[in-house]
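Beneath this line is the structure, given in structure tokens, with notes to follow.
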Amino acid sequence: MNITKHLSHLGLRVKDRVTGAEGVVTSVSFDLFGCIMATINRGLDKDGKTIESHWFDIARLEILDHTPVMKRPDFEWTEETIAKGEKGPAEKPTSSRL
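So the sequence shown is numbered by our numbering: it starts at 114 and just counts up by one.
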């Protein structure tokens with residue numbers, strides 16, 4: 114299994130082939146049973162309310178755009194880089210219309 118390949122979905126616009134749900138991959142999960150899942154953030158509805166995110170099997174996702182919506186985080190770190198404030202969570206937008 115190539116973990117980097119699956120993590121490369123982060124930030125990409127995708128569409129679930131089964132439900133038609135579209136959005137941006139915000140998380141990738143590897144579970145104990147061998148499933149690789151991705152959360153799709155679907156943005157805001159017409160009233161500005163957040164549309165509920167769901168987990169989808171990564172094999173069902175069709176990539177709509179190979180350019181990430183924002184720079185992906187660098188997951189390589191050490192205790193020293195965290196202590197120096199060189200690593201940590203990326204700034205996140207408060208909301209987005211997709």
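All C-beta atoms, glycine included, are put in the ideal place defined by N, C-alpha and C.
Note that the structure is a prediction, hence the values are computed from the model and not measured.
- request: Express the C-alpha separation of R173 and R126 in angstroms, rounding to a whole number.
  value: 13 Å
Pick from T191, K197, A196, M183 that is closest to H122, judged by C-alpha positions: M183
query: Could you check where the beta strand (DSSP E) with I149 kicks off and where it finishes?
result: 149 to 154
query: In whole angstroms, what separates the C-alpha of S166 from that of K197?
result: 34 Å
task: Measure from the alpha carbon of R155 to the alpha carbon of each residue in W168, I116, L145, F146, then state which is nearest.
output: W168
query: Residue range of the alpha helix (DSSP H) that K118 falls in?
result: 116 to 120
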